[in-house]
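For the sequence shown, the numbering used here assigns the number 5 to the initial residue and increments by one for each residue that follows.
Accompanying notes for the structure given below.
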Amino acid sequence: ADPASFAGVVREAANSLTGHTLCTEGGMALKTCEGAAAYREAAEALANAVPAPPLSFSAAPASVAAQGREPQLPLFDLATLLAARDHAADIGVRGLVTHRGSFADSTV
5 ADPASFAGVV REAANSLTGH TLCTEGGMAL KTCEGAAAYR EAAEALANAV
55 PAPPLSFSAA PASVAAQGRE PQLPLFDLAT LLAARDHAAD IGVRGLVTHR
105 GSFADSTV
């Protein structure tokens, strides 16, 4: 909810780039598509961004709509939260970064 708090992290990452390779504190080298200029631009955008209100939890946003009421935004629902958790657990242990689960037919 506070984009400016991430600006320093992104600036630090920009300073850790050599060409298009980001060197992490743990000594891992990650190839990026962007160079330092893109990271600096992102840091500047984050520093100037207006904070968003915190997310609120709603167990059933569909029921709110069914009752003819306007949902309070932003919100997320329990099913989405659990699906995201399960998806992260599924692909994370496999080292994947994708919208597809470990089964090709389980696109999230």
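By construction, the Cβ of each residue, glycine as well, lies at the ideal position given by its N, Cα and C atoms.
query, result
"In chain order, what residues of the same chain lie with their CB nearer than 8 Å to the CB of residue 15, ignoring the 5 residues before and after it?", "43, 44, 47"
"Given this structure, state the Cα-to-Cα distance separating residue 7 from residue 59, to the nearest angstrom.", "14 Å"
"If you run the structure through DSSP and keep just helix, strand and coil, what is residue 104?", "strand"
"Write down the C-beta distance between residue 51 and residue 11 rounded to the nearest angstrom, noting that I regard them as a contact closer than 8 Å.", "4 Å"
"Going by other Cβ atoms of all chains shown within 10 Å of its Cβ, with 16 needed for buried, is residue 91 buried or exposed?", "buried"
"Give me the residue from 32, 31, 54, 22 with the minimum Cα distance to residue 40.", "22"
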